[in-house]
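Throughout the sequence shown, residue numbering follows the numbering used here, covering 373 to 663 in sequence.
Where a beta carbon is used, it is the ideal one built from N, C-alpha and C, also for glycine.
Below: the structure, in structure tokens.
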Amino acid sequence: MFGGAYVREGPGVEEQRQQVDGQEQEAGAGILHVFGRQLKLCRERAGLDRAELGSRAGYSASTIASFEQGRRIPPPKFIDNADELLDAGGLLKAGKEEVARAQYPAFFRDAARLEGEAVEIHLYDTHLVNGLLQTEEYARAVFAMWQPLLDEAIIEQRVAARLARQEIFARRPAPHLSFVIEEAVLLRPLGGRTAWRGQLEHLMLIAEKRNVVIQVMPLSRQEHAGLAGPFTLMETRDERRIAYTEVQGDSRVHTERQKVRGLERTYGMLRAQALTPTDSLALIEKLLGER
Numbered sequence: 373m374f375g376g377a378y379v380r381e382g383p384g385v386e387e388q389r390q391q392v393d394g395q396e397q398e399a400g401a402g403i404l405h406v407f408g409r410q411l412k413l414c415r416e417r418a419g420l421d422r423a424e425l426g427s428r429a430g431y432s433a434s435t436i437a438s439f440e441q442g443r444r445i446p447p448p449k450f451i452d453n454a455d456e457l458l459d460a461g462g463l464l465k466a467g468k469e470e471v472a473r474a475q476y477p478a479f480f481r482d483a484a485r486l487e488g489e490a491v492e493i494h495l496y497d498t499h500l501v502n503g504l505l506q507t508e509e510y511a512r513a514v515f516a517m518w519q520p521l522l523d524e525a526i527i528e529q530r531v532a533a534r535l536a537r538q539e540i541f542a543r544r545p546a547p548h549l550s551f552v553i554e555e556a557v558l559l560r561p562l563g564g565r566t567a568w569r570g571q572l573e574h575l576m577l578i579a580e581k582r583n584v585v586i587q588v589m590p591l592s593r594q595e596h597a598g599l600a601g602p603f604t605l606m607e608t609r610d611e612r613r614i615a616y617t618e619v620q621g622d623s624r625v626h627t628e629r630q631k632v633r634g635l636e637r638t639y640g641m642l643r644a645q646a647l648t649p650t651d652s653l654a655l656i657e658k659l660l661g662e663r
């Protein structure tokens, strides 16, 4: 079974959870340090100093140093470019996926990997716009409000990771994506009026994609199948059906068929109770016109 940072409740559970999170964070840092050493060795073998590599790749020498020392996560395009510039023969590219996963919070890494393999993803959100749909400004506001407060460097890292996930919209073959969003999410102006309007406009733009369906669960509904909270359903290329749940930084990836089947039924009810895609976009457009 796949799993996130999940520990059964019991004596000392908080200490156990902190230990698990610490181990996963340490593992992520270890991946970055290994990649950094490989990058340095390839650069030195090519006879380049940091300034020369940075000039050719479009980065400063200090940024190259941060990559090599595991203090900053190199973006995928840099890894591809560096592999070619340093004639690494695919060595650097081979670690690209592991490096990319290191940029996510420890509790989300399993889900991020599965998301990258999915051919179908269905998401229900109750408190904020889903990360796959967030604009950069909205995402930055979300992480700036995180409690306990995050360091500025961590905020930038997580914003970059969130935007990188959105490459899923350019993937070919295109996965099928559906979203059910609570109307209250659309009414909450996280980040201020400008960020909020930009986010609503972005939802309308994404909804134009043929492989994306966005539906709004209106506040006026007297029946509601999703009162137990948000969740994600995924189906991978090898036809595995998986569910992901998360609350307050604790997460779990569910593979047991009974659990997944139950959430699939819940999602089917949610879609039936929500506004149609056309009516959902009309509501978003109305909100934009009112504020």
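Q) If you drop the 5 nearest sequence neighbours on each side, which residues of the same chain put their C-beta closer than 6 Å to that of H574? A) T507
Q) Count the other CB atoms within 10 Å of the CB of G408; is the residue buried (16 or more) or exposed (fewer)? A) buried
Q: Under 8 Å by Cβ, that's how I've got L457 and A474 pegged, so tell me the actual separation to the nearest angstrom.
A: Contact doesn't hold; Cβ gap of about 22 Å is too wide.
Q: Using beta-carbon positions only, say whether R582 and A525 come within less than 9 Å of one another.
A: no
Q | Proximal residues to Y378 (C-beta, below 6 Å), its chain only, five neighbours per side dropped | A | Legend: pLDDT at Y378 = 35, less than 50; position of this residue unreliable, no value from coordinates given.
(Q) So, with DSSP's three-state summary, where would you put V501? (A) coil
Q | Counterpart residues of Q587 in DSSP-defined beta bridges | A | V552
(Q) Does I436 come out as helix, strand or coil in the three-state DSSP assignment? (A) helix
Q.
Is the beta carbon of E440 closer than 9 Å to that of R422?
A. yes
(Q) Just to confirm my understanding: we take H499, look at its own chain, exclude 5 residues before and 5 after, and list those with CB closer than 7 Å. What are they? (A) V557
Q) Beta-carbon separation of V501 and I540 under 9 Å? A) no
**Q.** Nearest neighbour of D482, chosen from D452, R643, A615 and R637 [CA to CA]
**A.** A615
Q.
Considering just the uninterrupted stretch of the beta strand (DSSP E) at S691, what are its terminal residues?
A. In the structure displayed, the chain extends from 373 to 663; residue 691 sits before or after that span and is not available.
Q: Could you have a look at M517 and say whether DSSP puts it in helix, strand or coil?
A: coil
Q. Between Y496, I436 and F515, which lies nearest to G563 when the distance is taken from Cα to Cα?
A. F515
Q | Proximity of I403 and V471 at Cβ, strictly below 9 Å | A | yes
Q: Going by DSSP, name the residue or residues bridged to F603.
A: Y496
Q) If you compare alpha carbons, which of L486, A466, A437 and Y476 is closest to T604? A) L486
Q: Would you mind stating whether A646 and Q587 have Cβ atoms separated by less than 9 Å?
A: yes
Q: Determine the burial state of M517: buried for a count of at least 16 other Cβ atoms within 10 Å of its Cβ, exposed for fewer.
A: exposed
Q: Below 7 Å CB to CB, which residues in the same chain sit around Q594 once its five sequence neighbours on both sides are set aside?
A: none
Q: Assign R629 to one of two classes, buried (16 or more other C-beta atoms within 10 Å of its C-beta) or exposed (fewer than that).
A: exposed
Q: From the DSSP output, in three-state form, read off Y616 for me.
A: strand
Q) In whole angstroms, what is the alpha-carbon distance linking L679 and M606? A) Residue 679 is absent from the model: the chain starts at 373 and stops at 663.
Q.
Using the three-state DSSP reduction, which class does A536 fall into: helix, strand or coil?
A. helix
Q. Out of curiosity, what's the CA-to-CA distance linking E396 and A478?
A. Interpretation of E396 is limited by its pLDDT of 46, a score under 50 that renders its predicted location unreliable; the figure taken from the coordinates is listed afterwards. Approximately 6 Å, taken between the alpha carbons.
Q) For Q620, does the count of other Cβ atoms within 10 angstroms reach 16, so buried, or fall short, so exposed? A) exposed
Q.
So for A418, helix, strand or coil by DSSP?
A. coil
Q) What three-state label does DSSP hand T507 in the structure shown? A) coil
Q) Do S427 and L495 have their CB atoms nearer than 9 Å? A) no
(Q) For E492 and P602, what's the separation of their Cα atoms in angstroms? (A) 17 Å
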